[in-house]
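Here is the structure we will look at, set down as structure tokens.
There are 2 protein chains.
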Amino acid sequence: MLGAIEAGGTKFVLAVSDNTLEHVEKLSIPTTTPEETFDKVFEFFDNYTLEAIGVGSFGPIDVNKNSSTYGYVTSTPKLAWQNVDFLGKLKERYAVPVAWTTDVNAAAYGELKKGAAVGKNSCLYLTVGTGIGGGAVINGEPLEGYGHPEMGHIPVRMHEEDSFKGTCPYHSNCLEGLAAGPAIEQRYNKKAQYLTDRKDVWDIEAYYLAQALMTYTLTLSPEKIILGGGVMKQSQLYPLIRKEFSKLVNGYVATPDLDEYIVSPGLDDNAGITGCLLLAQKEL
Amino acid sequence: MLGAIEAGGTKFVLAVSDNTLEHVEKLSIPTTTPEETFDKVFEFFDNYTLEAIGVGSFGPIDVNKNSSTYGYVTSTPKLAWQNVDFLGKLKERYAVPVAWTTDVNAAAYGELKKGAAVGKNSCLYLTVGTGIGGGAVINGEPLEGYGHPEMGHIPVRMHEEDSFKGTCPYHSNCLEGLAAGPAIEQRYNKKAQYLTDRKDVWDIEAYYLAQALMTYTLTLSPEKIILGGGVMKQSQLYPLIRKEFSKLVNGYVATPDLDEYIVSPGLDDNAGITGCLLLAQKEL
Ligand SMILES: Nc1ncnc2c1ncn2[C@@H]1O[C@H](COP(=O)(O)OP(=O)(O)O)[C@@H](O)[C@H]1O
Ligand SMILES: Nc1ncnc2c1ncn2[C@@H]1O[C@H](COP(=O)(O)OP(=O)(O)O)[C@@H](O)[C@H]1O
Ligand SMILES: [Zn+2]
Ligand SMILES: [Zn+2]
Chain A
47 MLGAIEAGGT KFVLAVSDNT LEHVEKLSIP TTTPEETFDK VFEFFDNYTL EAIGVGSFGP
107 IDVNKNSSTY GYVTSTPKLA WQNVDFLGKL KERYAVPVAW TTDVNAAAYG ELKKGAAVGK
167 NSCLYLTVGT GIGGGAVING EPLEGYGHPE MGHIPVRMHE EDSFKGTCPY HSNCLEGLAA
227 GPAIEQRYNK KAQYLTDRKD VWDIEAYYLA QALMTYTLTL SPEKIILGGG VMKQSQLYPL
287 IRKEFSKLVN GYVATPDLDE YIVSPGLDDN AGITGCLLLA QKEL
Chain B
47 MLGAIEAGGT KFVLAVSDNT LEHVEKLSIP TTTPEETFDK VFEFFDNYTL EAIGVGSFGP
107 IDVNKNSSTY GYVTSTPKLA WQNVDFLGKL KERYAVPVAW TTDVNAAAYG ELKKGAAVGK
167 NSCLYLTVGT GIGGGAVING EPLEGYGHPE MGHIPVRMHE EDSFKGTCPY HSNCLEGLAA
227 GPAIEQRYNK KAQYLTDRKD VWDIEAYYLA QALMTYTLTL SPEKIILGGG VMKQSQLYPL
287 IRKEFSKLVN GYVATPDLDE YIVSPGLDDN AGITGCLLLA QKEL
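Here the protein sequences come in this chain order: A and B. The opening position of the first sequence corresponds to residue 47 in my numbering, with each subsequent residue numbered one higher. The opening position of the second sequence corresponds to residue 47 in my numbering, with each subsequent residue numbered one higher.
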């Protein structure tokens, strides 16, 4: 059987399934201290005979196999989770292979194998929520190198009608600092979900996201870009982003038809946990 | 034997070698019309019994195997070369496997296997010359997806002391529009090679390049970044770029020590042609 953990900052989604992913059982638990949380993970997994586990974790995490802290959650703002040996704890309890990557790489993998990017060799998954995080699959493998992508923190040009200073403690007005949910909330003193009717809000949001997608396209050339996360529940954003993307790219690079290129997740909120199960399956 | 073509806009570098790359013979020919140029290519290669060929070409080119124009040079500003079936012409003459990618992907591959990134799984190669072009190798494979990277055209933030409008016909002030050799020349009415002593020139240049390297790092997380091309002959740029990169990233992501991370080519001007030979070898 396969085990999977989509480890988020507020909740962990746990799943087990048979090796073909036909029957999946899931459980969601709150993210509290590492001790308490892992106790609940073990309690759930101990009922099964797992052959492999897949983890997609919030981060930053160490994915560098040459590093002495490979498998750790590293400099996360969630203090109790800083420098926690996530992979080590699992390996100690279960003597099985464990796939270890970011939550967004797992989501990209899920979307490639069973979601919006089925049949492709590559895709990029961007979540626009409390933060902005991006993952990708290239030639069928989650994208990692010295570390893992942190696509939410790329510099962007300011929209000419925006003077918001940005929320990122590291870069102020990077993409995440200007376009994640909390940036929208601070800019307008209202949560994004209550701003649906404000055209100006979504024009500015689309400008930043389109700029980022242009950059990712020019850098990575994925076959599909999938946008998820709370803010993307504002589905009017998709056509606005496509329009802005087209304006910015200005015909310079070939992309698939934009309606096919910039899309919503095929697996809705299950992209991450499905990706984790599939990454576990890949370890068999 | 192996054949290789590094196809540039002004010259083609041709090479043949034994299958282990021990003995390499090279010839450089000017890029004129496709007919004339290919005649010279054939004249050179016809003397050998090639088993595979590797091509790294100027572009944009079509690298999408599902496309009907796979193997073509597409929308290049060099009019005579627009929509030329480069790969087809080679395949017609030589019934051997041909590796086909961009000049900068080939250079990245060369640097990974025999240059500054030996021992790594990934690297990024950026040339800063008449244009700015980037290539990468990820998990040992040249980076391609729907198309190939066009890293030179990413949007960047203007330096606060720069009011140059940019040279890019598509995006005006994209990275290439602000930081390639011709942008420097137009901004100061003097070729870059005659501006060595002007501190302001290189501060602005380093700011743009560092911003781009930050974006590539956050998006791709390569294990090494190699900077080549005419403009990078100004070797004072390397430390300036590293300093600016460090300031911009502001500790947010782990990178190797910057002296090891942002480096000059290990193969000097042979990165591209060596990469082409190695890509041919990979086809055996
Ligand atoms: N329907 C909605 N429309 C716009 N923004 C939303 C919506 N739902 C949630 N958000 C915003 O998304 C952010 C939460 O992101 P979400 O993806 O749900 O969780 P997280 O990123 O923490 O996993 C909040 O800033 C919230 O205001
Ligand atoms: N030593 C140098 N210092 C600064 N700039 C240079 C130097 N040599 C060439 N360049 C600039 O690099 C550009 C040419 O780039 P190069 O990489 O040599 O060729 P290409 O990009 O056409 O293959 C020109 O704009 C030129 O001004
Ligand atoms: Zn940031
Ligand atoms: Zn451009």
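Ideal Cβ positions, reconstructed from N, Cα and C, are used throughout, including at glycine. Keep in mind that this is a model prediction, so the values were computed, not measured.
Here the alpha carbon of K237/A sits roughly 20 Å from the alpha carbon of L172/A. In this model, Y216/A and G297/B are separated by some 8 Å (Cα to Cα).
Taking all protein chains in view, the Cβ of F88/A is surrounded by fewer than 16 other Cβ atoms within 10 Å, so the residue is classified as exposed.
Using a Cβ-Cβ cut-off of 8 Å, T148/A does not count as an interface residue toward chain B, since no Cβ of chain B sits closer than that to its own.
Counting only residues whose CB is nearer than 5 Å to a non-hydrogen atom of ligand 1, the list in chain order is G175/A, T176/A, G227/A, K237/A, A238/A, Q239/A, G275/A, G276/A, V277/A, K279/A, Q280/A. CA-CA distance, A145/A to V183/A, rounds to 14 Å. If you check each beta-carbon in the segment 185-209 of chain A against every beta-carbon of chain B, the ones closer than 9 Å belong to N185, E187, L189, E190, G191, Y192, G193, H194, P195, E196, M197, G198, H199, I200, P201, V202, R203, M204. Going by DSSP, S103/A is part of no alpha helix (DSSP H) but of the beta strand (DSSP E) stretching over 98-103. Sequence-ordered contacts of the segment 257-273 of chain A with chain B read Q257, M260, T261, Y262, L264, T265, L266, S267, P268, E269 [C-beta pairs closer than 7 Å].
Inclusion of G54/B in the 7 Å shell around ligand 2 follows from its C-beta lying nearer than that to a non-hydrogen atom of the ligand. Cβ contact annotation for G54/A (same chain, cutoff 7 Å, sequence separation greater than five): T77, F104, D149, in chain order. Counting only Cβ-Cβ distances below 7 Å, P302/B has contacts in chain A at Y192, in chain order. Nearest to G161/B by alpha-carbon distance, out of N93/B, L313/B, D64/B, is L313/B.
For P215/B, the secondary structure class from DSSP, reduced to helix, strand or coil, is coil. By the criterion of a C-beta distance shorter than 7 Å, F291/A is surrounded in its chain by A256, L259, M260, L304, I308, once the five residues flanking it on both sides are discounted.
Under the three-state reduction of DSSP output, L283/A falls in the helix class. Beta-bridge analysis with DSSP links V119/A to I107/A, V130/A.
Closer than 8 Å to the CB of G297/B there is at least one CB belonging to chain A. With fewer than 16 other beta carbons inside 10 angstroms of its own, N93/A counts as exposed. Less than 8 Å divides the Cβ of W248/B from the Cβ of L283/B.
Here the segment 128-137 of chain B makes no contact with the segment 310-329 of chain A; the two share fewer than three CB pairs at distances below 8 Å.
For S74/B, the beta-bridge partners assigned by DSSP are V59/B.
A distance criterion of 7 Å places the beta-carbon of T78/B beyond contact range of ligand 2, judged by its closest non-hydrogen atom.
Taking 8 Å as the cut-off between beta carbons, the residues of the segment 160-176 of chain A near chain B are N167, S168, in sequence order.
In the structure shown, the three-state DSSP call for G223/B is helix.
By the beta-carbon neighbour count (other beta carbons within 10 angstroms, threshold 16), Y240/A is exposed. Chain order is used for the residues whose beta-carbon lies nearer than 6 Å to a heavy atom of ligand 3, namely H199/A, C214/A, Y216/A, H217/A, C220/A, E222/A, G223/A. Taking all protein chains shown into account, Q280/A has 16 or more neighbouring C-beta atoms within 10 Å of its C-beta and is therefore buried.
DSSP, reduced to helix, strand and coil, places G186/B outside both helices and strands of the structure shown, so it counts as coil.
Residue-level contact check: Y216/B touches chain A, since one or more beta carbons of chain A fall below 8 Å from its beta carbon.
Here C169/A is bridged, per DSSP, to V183/A.
Just so you know, the alpha carbons of E97/A and N129/A end up roughly 27 Å apart. A distance below 8 Å between beta-carbons, with the five flanking residues on each side excluded, links D64/A to the following residues of its chain, in chain order: M47, L48. Here the segment 111-121 of chain B does not lie against the segment 66-75 of chain B, with fewer than 3 beta-carbon pairs under 8 Å apart.
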